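Visitor:
Residue numbers (the numbering used here): 162 to 284.
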């Protein structure tokens, strides 16, 4: 189970790191062409979302990799799950069911990591 959790953590971290770097570094116009919801949110909020996603990605990997403050890994997964719930709300208002489905999958993966790392398979 520990190997399975590490694989999930790696995949989720890669997805959120890529999304976080994109949202925190790309010009607003380019983001709007890639992510239409950005037009409904202010630029500082988009940047904050990006930085938070990047921090969550690092929190999924670094504590366990260095065996330091491993409690941060399930907390990072919890934070990413909260971001996904909020994202699902935004996409629901925009009537974007495909985005809601993708966010739901990421939420489930984060929940599995939370359960595993808070519970019986903590580091």
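Note that the Cβ used here is the ideal one computed from N, Cα and C, for glycine as well. Since the structure is predicted, the reported quantities are computational estimates derived from the model, not experimental observations.
Looking at residue 272 and residue 242, is the spacing between their C-beta atoms short of 8 Å?
Guide: yes
Visitor: Is the beta carbon of residue 176 less than 8 Å from the beta carbon of residue 274?
Guide: no
Visitor: Could you say which of 204, 277, 269, 200 lies nearest to residue 244 if we only look at CA atoms?
Guide: 269
Visitor: Measuring straight from C-alpha to C-alpha, what distance separates residue 208 and residue 249?
Guide: 18 Å
Visitor: State the CB to CB distance for the pair residue 211 and residue 181, rounded to an integer number of angstroms; the pair is presumed to be in contact (CB under 8 Å).
Guide: 5 Å
Visitor: Hey, out of 199, 278, 246, whose CA is closest to residue 264's CA?
Guide: 246
Visitor: Under the rule that 16 or more other beta-carbon atoms within 10 Å means buried, what is residue 191, buried or exposed?
Guide: It counts as exposed.
Visitor: Note down, one range per segment and in chain order, each beta strand (DSSP E) of at least 3 residues found wholly within the segment 220–279.
Guide: Along the length of the segment 220–279, whole beta strand (DSSP E) runs at least 3 residues long do not occur.
Visitor: Going by C-alpha to C-alpha distance, which of 266, 279, 238, 255 sits closest to residue 213?
Guide: Considering only alpha carbons, the answer is 238.
Visitor: In whole angstroms, what separates the C-alpha of residue 198 from that of residue 206?
Guide: Distance between the alpha carbons of residue 198 and residue 206 is about 12 Å.
Visitor: Taking the CB atoms as reference points, tell me whether residue 178 and residue 215 lie closer together than 8 Å.
Guide: Yes; because the gap between Cβ atoms is below 8 Å, this pair is in contact.
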